[in-house]
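Chains A and B, in that order, are what the protein sequence lines are. Going by this note's numbering, the letters in the first sequence line up with residues 7 to 335, in that order. Going by this note's numbering, the letters in the second sequence line up with residues 6 to 729, in that order. Here is the structure we will look at, set down as structure tokens.
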Amino acid sequence: MSDVPILHVELLADRNLQPAAALLDAGSGDLNEWSPLIDNTRFSAFATEFPCFIAPGLMARLPEGLLHLATAAGCQALNKQSLYRSEARGKPTFPDSALWLAGSWPFNPPVHVSSAQSASRILSLKLLHLVATDAETGEIEALFRQDPVLAYHLIRLVNSLGVSMARRISSFSQAILILGRQQLKRWLHLMLFAASRDDHRSAMLTAHVAVRARTTELAAEFVGLDRSAQEQAFMAGMFSLIGVLFGMPLADVLVPLKLPEGLASAVLHHDGPIGRLLKITELRQQEDQKLAIELDQAGIPISRYNELVLSAHLWMLGVLHDKRDEADD
Amino acid sequence: MTDARIDRCLDLCAMARQAQGDDLAQTLDSLKQELELLSHDRNGVPAEFLSGPEKQWIKEPLITTDLAGYVTGWNRGAQMLFGYTPEEAIGQHILFLYADEPADRDNGIHELFLDHGSSLMEVRRRKKSGETFRVNLSLGHVRDENGEPVGMTAHYYEIEDRLSAEEKRRLHASIIENSEEGIMITDTNNRIVSVNAAFTRITGYTAAEAIGQTPDLLRSGVHSADFRAEVMSAMRGAGAWHGEIIGKRKNGELFPQSVSIGVVRDAEDRITHAFSIFSDISVLRAAEERMQRIVNYDSLTGLPNRTLFQQLVEQALTTARRNNDHGALLVIDLNRFATVNDTLGHEVGDELLKQVGHRFREVLREEDILARFGGDQFVVALFTIHKREHSGLVAEKLLASLATPFIIESHAVHIGASIGIAIYPEDGLHTAALLRFADVAMKRAHASESSHLFYSPEMNVLAKEQWQLETELRQALAAQQLLLHFQPKVSLRTGRIVGAEALVRWRHPKHGMVPPAKFIPLAEETGLILDLGGWILDAACRQIRTWLDAGLDLVPIAINLSARQFDAQLPERLKVATERYDIPCELLRLEITESLLVRDPEKMIPLMNDLVALGFTLALDDFGTGYSSLAYLKKFPITTLKIDRTFVIGVPDDENDCAIAQAIVTMGKQLRQEIVAEGVETHAQMNFLRNLGCDQLQGYLFSPPVAPEAFEHLLRQGHRLSLD
Chain A
7 MSDVPILHVE
17 LLADRNLQPA
27 AALLDAGSGD
37 LNEWSPLIDN
47 TRFSAFATEF
57 PCFIAPGLMA
67 RLPEGLLHLA
77 TAAGCQALNK
87 QSLYRSEARG
97 KPTFPDSALW
107 LAGSWPFNPP
117 VHVSSAQSAS
127 RILSLKLLHL
137 VATDAETGEI
147 EALFRQDPVL
157 AYHLIRLVNS
167 LGVSMARRIS
177 SFSQAILILG
187 RQQLKRWLHL
197 MLFAASRDDH
207 RSAMLTAHVA
217 VRARTTELAA
227 EFVGLDRSAQ
237 EQAFMAGMFS
247 LIGVLFGMPL
257 ADVLVPLKLP
267 EGLASAVLHH
277 DGPIGRLLKI
287 TELRQQEDQK
297 LAIELDQAGI
307 PISRYNELVL
317 SAHLWMLGVL
327 HDKRDEADD
Chain B
6 MTDARIDRCL
16 DLCAMARQAQ
26 GDDLAQTLDS
36 LKQELELLSH
46 DRNGVPAEFL
56 SGPEKQWIKE
66 PLITTDLAGY
76 VTGWNRGAQM
86 LFGYTPEEAI
96 GQHILFLYAD
106 EPADRDNGIH
116 ELFLDHGSSL
126 MEVRRRKKSG
136 ETFRVNLSLG
146 HVRDENGEPV
156 GMTAHYYEIE
166 DRLSAEEKRR
176 LHASIIENSE
186 EGIMITDTNN
196 RIVSVNAAFT
206 RITGYTAAEA
216 IGQTPDLLRS
226 GVHSADFRAE
236 VMSAMRGAGA
246 WHGEIIGKRK
256 NGELFPQSVS
266 IGVVRDAEDR
276 ITHAFSIFSD
286 ISVLRAAEER
296 MQRIVNYDSL
306 TGLPNRTLFQ
316 QLVEQALTTA
326 RRNNDHGALL
336 VIDLNRFATV
346 NDTLGHEVGD
356 ELLKQVGHRF
366 REVLREEDIL
376 ARFGGDQFVV
386 ALFTIHKREH
396 SGLVAEKLLA
406 SLATPFIIES
416 HAVHIGASIG
426 IAIYPEDGLH
436 TAALLRFADV
446 AMKRAHASES
456 SHLFYSPEMN
466 VLAKEQWQLE
476 TELRQALAAQ
486 QLLLHFQPKV
496 SLRTGRIVGA
506 EALVRWRHPK
516 HGMVPPAKFI
526 PLAEETGLIL
536 DLGGWILDAA
546 CRQIRTWLDA
556 GLDLVPIAIN
566 LSARQFDAQL
576 PERLKVATER
586 YDIPCELLRL
596 EITESLLVRD
606 PEKMIPLMND
616 LVALGFTLAL
626 DDFGTGYSSL
636 AYLKKFPITT
646 LKIDRTFVIG
656 VPDDENDCAI
666 AQAIVTMGKQ
676 LRQEIVAEGV
686 ETHAQMNFLR
696 NLGCDQLQGY
706 LFSPPVAPEA
716 FEHLLRQGHR
726 LSLD
């Protein structure tokens with residue numbers, strides 16, 4: 007097994023519970039192996055666009071040259087007092103001294119099941135605008151990729167209206183095309199009307215979903231799965247968190263989507279090539295040992311995996327950016 | 006009032022039985038309120054004096070949904086209005102009630118104020134019976150105890166008939182009076198009781214002159230007694246009648262009229278009146294006759310068309326046989342005219358044809374005939390020439406006239422042409438044969454990039470061979486001489502087989518394997534490609550089924566679709582084929598050529614969208630050889646680009662090819678396209694393409710197209726391309 011340490015990127019929320027920074031840490035191994043990772047435009051782009059903190063443990067281990075590079079890109083040492091971990095169920099409160107919030111709180115059940123399931127107002131509006139201006143399917147698809155709630159409801163709706171000719175929906179563009187623009191527009195009007203105050207977890211959860219979906223997709227690309235399998239990998243990553251998001255058992259939430267069998271069992275049981283990749287992205291937050299074994303079996307070197315994770319986080323920044331742009335308007 | 010409230014309570018009870026969680030709590034709250042109101046009523050406080058939305062609930066259709074729009078509650082009013090029972094409606098998405106709006110209404114604006122709360126708006130909805138109707142809708146939120154929305158309510162109110170009886174009468178009278186069509190109303194005694202202004206305009210009789218007369222006033226006398234009996238029986242209520250009647254105007258002139266006859270009945274179903282609505286179609290008739298006259302001319306250019314041309318040439322040939330005259334037929338085809346149409350639009354294309362016709366006419370003599378045969382094909386007949394070279398000179402003159410670009414709508418359009426020439430009496434003395442020979446020569450000229458060519462018998466030999474081949478290919482389709490081979494596609498990341506392209510092969514009983522390059526273009530040209538394409542689709546699906554049954558861990562198989570196969574029925578044909586063999590659409594990929602994108606995007610895009618909606622994915626074959634720009638690609642639901650082999654051959658040594666390949670890959674990636682390189686033969690090519698970021702490779706480096714058994718073997722053995 008390679009001696010490259012696994013990169014950990016933990017998303018931190020600010021006091022408004024918005025994803026606002028990242029905490030970088032490393033698994034065991036020789037950190038000198040990280041120089042291609044850090045001495046790279048992808049890394050500097052991420053650290054420039056997003057406040058990045060270096061975990062104390064990593065700070066102590068990082069070779070001087072790399073530390074220098076990371077700092078130059080904008081990484082900072084973490085002031086321990088500024089970070090607070092919360093595992094709270096419900097809206098977390100944190101001490102005055104803390105600036106950043108870490109922990110598993112976004113993954114706890116929502117306070118209001120119904121508001122967790124209602125669509126983001128900003129994205130619904132943005133989508134409506136795209137539909138109203140006759141945007142190309144690709145652009146509309148790109149927005150659905152940004153929001154698990156809208157994506158979920160889209161696929162569920164297409165199945166529910168019985169227009170899918172008993173076929174399984176395997177891509178967003180397929181769903182958009184089946185539904186048609188007129189129905190899409192009506193549906194978005196309804197979604198807008200129903201849009202409620204965001205669930206306190208939703209900003210952080212959406213960011214996590216973005217990272218997971220994109221990582222799974224990039225991993226699928228890396229292992230040579232073809233384009234439509236890559237799309238399914240993205241959907242698998244996205245829908246794997248939909249149970250958490252909605253505060254309901256995952257298997258129940260997936261039923262009305264009638265996903266293609268392979269995709270559904272990938273999400274629920276980690277079956278098949280996509281399921282194996284999804285398992286990797288789900289393991290991340292837990293154990294390095296297991297992760298290293300899974301990566302090895304999938305044929306993804308840790309060095310490449312670190313890059314994928316970084317790329318996925320960069321993509322997630324784009325998603326955040328899009329949502330903020332509109333909110334500022 | 007009290008009854009209505011009790012009904013409402015019953016509805017709420019029914020809803021409560023079906024609801025759960027928050028919805029249940031909400032429904033029970035409503036029930037409680039409703040019961041309180043009921044007790045108010047009994048205590049002598051009329052509900053009308055109560056404030057709040059409770060008042061509106063009574064008996065009105067009410068639907069509740071969750072926040073995603075799925076129906077959670079459905080009262081009796083909703084059942085009466087839409088015809089669905091609660092069992093049928095609950096759980097459905099509320100969009101199932103929406104009916105199509107007329108295009109001009111569906112701008113979304115009128116539904117946008119949904120956004121501001123529960124304003125009333127008029128919408129179109131569909132009943133279970135299929136009937137659509139307009140109704141007023143008011144949307145609201147269902148909130149939990151914290152004021153958080155947990156669902157939506159939709160109230161429907163009937164739209165009242167806004168016209169009073171008097172208004173309606175006035176409106177109808179004015180519509181009749183102002184109608185463009187003549188209207189005549191008769192009573193049961195067959196006397197005219199009313200006519201409108203158009204009646205007077207068409208027939209010349211004023212109302213005063215007509216009223217009191219019978220319809221015989223207009224009788225022309227040209228119709229048979231049977232015919233008149235038929236019309237009369239319609240006026241006596243035998244059923245609506247529609248047809249043409251020749252009438253007579255006041256000035257004695259006969260005119261054709263298109264007439265509808267019906268009757269009006271009273272409440273007891275007795276006929277009170279009959280009416281005839283008619284329009285003067287003599288103008289139409291005149292137009293028809295004019296059409297007949299111009300049927301011999303091409304409407305766009307005003308030049309003779311094929312029909313007239315053949316008549317004229319036939320006459321000339323008859324004379325020629327007698328006098329031993331010499332003459333020539335020239336067939337002229339504009340090069341790349343389709344591109345002009347596709348890029349600049351049909352208006353420009355049409356204008357170009359007009360101007361080309363004009364220029365051609367100017368370089369010809371008075372007695373020469375210039376005709377347009379439709380499309381971009383012009384034909385010239387030269388009736389008296391002394392030497393065959395003279396017709397060559399004329400051809401050059403025609404071509405020279407195209408040298409100056411055409412200025413159309415501020416575009417400078419350059420266009421060239423290919424000309425084929427057949428001479429009489431040398432090549433023949435029949436119009437059809439001469440035209441065919443000139444056409445053969447024109448095609449050769451086009452293919453060999455010469456400006457003009459004379460027909461020669463060798464050309465005919467070639468054409469005959471083609472004809473022979475065509476016949477044999479037809480037989481081959483029936484006689485199962487065709488088979489599919491499969492060329493694997495491998496991932497450039499892992500070297501694994503990730504797909505295959507199915508390629509048709511023809512095992513000729515005498516000539517052995519016929520190369521596809523020899524028969525595919527022929528099939529395209531002759532239209533046989535439709536049968537061939539159908540065969541390939543079926544064979545590919547059958548093969549996939551065989552492999553699935555054999556438990557093979559199969560990769561997607563791509564088939565090529567010809568532009569000719571792209572018609573409105575294509576999605577259905579594909580659906581039928583995949584269902585017939587019960588194979589998932591994901592296992593069938595469709596490869597299309599670039600020419601399809603430029604042909605008629607307005608038609609092609611919806612068609613391609615339909616295919617994607619069915620679950621197929623589209624790949625663009627031979628990318629880079631045609632017209633389409635990458636930016637243009639965005640409009641099409643294509644997910645894969647196959648870089649044409651002509652660019653692959655040159656890499657990594659040819660700088661140009663490298664630059665092109667790089668441009669295609671970089672931009673293709675930006676458009677989220679999967680990139681496949683075709684025709685890869687060497688490791689050097691592979692390394693170059695792999696470094697560029699190509700996803701997959703297809704080519705002899707890994708495997709030529711192979712028989713199904715061989716392909717299955719490759720898959721089972723897990724053969725991989727070595728990427729080192």
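A virtual CB, placed ideally from N, CA and C, is assigned to each residue, including glycine. On a predicted model such as this, the values are computed, not experimentally measured, just so you know.
Asked: Buried versus exposed, by CB contacts within 10 Å (16 or more), residue 412 of chain B; Found: exposed
Asked: Proximity of residue 187 of chain B and residue 266 of chain B at Cβ, strictly below 9 angstroms; Found: no
Asked: Residue 551 of chain B: first and last residue of the uninterrupted alpha helix (DSSP H) it sits in; Found: 534-554
Asked: Nearest candidate by alpha-carbon position, reference residue 301 of chain A, set A:189, A:281 and A:78; Found: A:281
Asked: From A:114, A:44 and A:215, residue whose alpha carbon lies closest to that of residue 239 of chain A; Found: A:215
Asked: Beta-carbon contacts of residue 235 of chain A that lie in its chain and below 7 angstroms, excluding the five residues immediately before and after; Found: 226 and 280
Asked: Residue from A:249, A:205, A:80 and A:231 whose Cα sits closest to the Cα of residue 305 of chain A; Found: A:231
Asked: Unbroken stretches of the beta strand (DSSP E), 3 residues or longer, contained in the region 302-379 of chain B; Found: 332-339 and 374-377
Asked: Exposed unless 16 or more other CB atoms sit within 10 angstroms - verdict on residue 470 of chain B; Found: exposed
Asked: Interface flag, residue 230 of chain A vs chain B, CB-CB below 9 angstroms; Found: yes
Asked: Through-space distance from residue 60 of chain A to residue 720 of chain B, alpha-carbon basis; Found: 47 angstroms
Asked: C-alpha gap between residue 155 of chain B and residue 35 of chain B, whole angstroms; Found: 14 angstroms
Asked: Min CB distance residue 701 of chain B to chain A below 9 angstroms; Found: yes
Asked: Close beta carbons around residue 14 of chain A, own chain, < 6 angstroms, minus the five adjacent residues each side; Found: 31
Asked: Integer-rounded CB distance, given that residue 622 of chain B should sit under 8 angstroms from residue 644 of chain B; Found: 5 angstroms
Asked: Outcome for residue 515 of chain B when other beta-carbon atoms lying within 10 angstroms are tallied against a minimum of 16; Found: exposed
Asked: Simplified DSSP state of residue 610 of chain B, which is helix, strand or coil; Found: helix
Asked: Minimum Cβ-Cβ distance from residue 200 of chain A to chain B less than 9 angstroms; Found: yes
Asked: Residue-level contact to chain B via CB, residue 313 of chain A, 9 angstroms cutoff; Found: no
Asked: Minimum Cβ-Cβ distance from residue 212 of chain A to chain C less than 9 angstroms; Found: The chain labelled as chain C is not found among the protein chains of the depicted structure, namely A and B.
Asked: Rounded separation between residue 600 of chain B and residue 638 of chain B - CA only; Found: 12 angstroms
Asked: Endpoints, beta strand (DSSP E) assigned at residue 597 of chain B; Found: 593-597
Asked: Residue 152 of chain A Cβ short of 8 angstroms to the ligand GTP heavy atom set; Found: This structure does not include the ligand GTP; it has no bound ligands of any sort.
Asked: Cβ-based neighbour list, residue 82 of chain A, same chain, cut-off 8 angstroms, excluding 5 preceding and 5 following; Found: 57, 58, 59 and 60
Asked: Uninterrupted beta strand (DSSP E) stretches inside the region 441-485 of chain B (no shorter than 3 residues); Found: 457-459
Asked: Selected residue, minimal CA-CA separation from residue 86 of chain B, among B:711, B:130 and B:98; Found: B:130
Asked: Cβ neighbours of residue 563 of chain B in the same chain (closer than 6 angstroms, five flanking residues each side left out); Found: 506, 594 and 596
Asked: Same chain only: Cβ atoms within 8 angstroms of residue 559 of chain B, ignoring 5 sequence neighbours per side; Found: 549, 552, 553, 592 and 720
Asked: Short Cβ contact (9 angstroms threshold) for residue 93 of chain B with residue 132 of chain B; Found: no
Asked: Interface residues of the region 426-456 of chain B facing chain A [CB-CB below 8 angstroms]; Found: none
Asked: C-alpha gap between residue 254 of chain A and residue 116 of chain A, whole angstroms; Found: 9 angstroms
Asked: Beta-carbon gap between residue 679 of chain B and residue 704 of chain B smaller than 9 angstroms; Found: no
Asked: C-beta neighbour in chain A for residue 157 of chain B, strict 9 angstroms; Found: yes
Asked: Contact with chain A by residue 137 of chain B, beta-carbon distance below 9 angstroms; Found: no
Asked: Own chain, CB closer than 6 angstroms to residue 321 of chain B, minus 5 neighbours either side, in chain order; Found: 388
Asked: Whole-number beta carbon distance between residue 256 of chain A and residue 284 of chain A, since they are thought to touch under 8 angstroms; Found: No, residue 284 of chain A and residue 256 of chain A are not in contact; Cβ-Cβ is about 12 angstroms, not under 8 angstroms.
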